[in-house]
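The structure appears below as structure tokens.
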Amino acid sequence: VDLLVRPGSLLRGYFDGTRRREYTNPIAYGLMAAAASLIAFSTYQKAYVSWMRGQIATMTPAGMPDGFFQAYMENVFAATQRTAVTSFLLAIPMALSVWLLFRSARFNLAEAFAFALYAVGTYLFVYAIGVSPIVYAAHAWTFAQYSGFALQVIVPLWLGLRLFGGTVVNVLKLLLAVGVSAFVGYMVIVVGVATYTVATMH
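Start counting at 1 in the sequence shown, then tack on 29, and there's your number in the numbering used here.
So this is what it looks like as structure tokens:
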């Protein structure tokens, strides 16, 4: 709740050590958020997977080897359907980007990783508690996708602006950090899945 309502004072208190004992450390927080995300996803996983595979079956881009694209997309979906896993993949480039853009004597690399883990954990909690019930009740699969993308930008932006200050420059820096983390995570998935797909196709 504090990370949503007053993230700036919470993060500053954690980083300077004055209130560290009062808060869950970022690793434990991230693991609890991942557990909540996986439990929430399990409530509608079968229906969502069925819908997504129907979407994949309709995709037939020209110029691709026969069957490669469908196999590739199936593998991408298998690797990314659990946001608890892919979100932590994004935490590494996010932490490095935030550290490079905001580093100072008062903000070191360890604190950047703590910030990234708190941001990822908060995103997972908000999605599990606020979005998943809507998805489960309405089978709103497109809403699930777009709201997930939006929250992955909004949550670190909100936490970052409350921590570093709400200036235009800081907005641009945080958007750059989120963009870099998304790009790096996307490229890791694309290259890894493409390599795996080629290696396993007969």
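Glycine included, every Cβ here is placed at the ideal spot set by N, Cα and C. Every value quoted in this text rests on a predicted model; they were computed, and no experiment measured them.
Query: Thr-151, buried or exposed, once every other Cβ within 10 Å from all chains shown has been counted against 16; Result: buried
Query: Nearest candidate by alpha-carbon position, reference Gly-159, set Phe-142, Ala-143, Gly-177; Result: Gly-177
Query: Beta carbon of Leu-40 nearer than 8 Å to that of Leu-188; Result: yes
Query: The stretch 161–178 in contact with the stretch 58–74 per 3-pair CB rule at 8 Å; Result: yes
Query: Exposed unless 16 or more other CB atoms sit within 10 angstroms - verdict on Tyr-73; Result: buried
Query: For Ser-210 and Leu-129, the rounded distance between their alpha carbons; Result: 13 Å
Query: Alpha carbon of Val-182 to alpha carbon of Met-230, nearest angstrom; Result: 35 Å
Query: Closest by C-alpha distance to Leu-125, when choosing among Ser-116, Gly-46, Ala-139, Gly-194; Result: Ala-139
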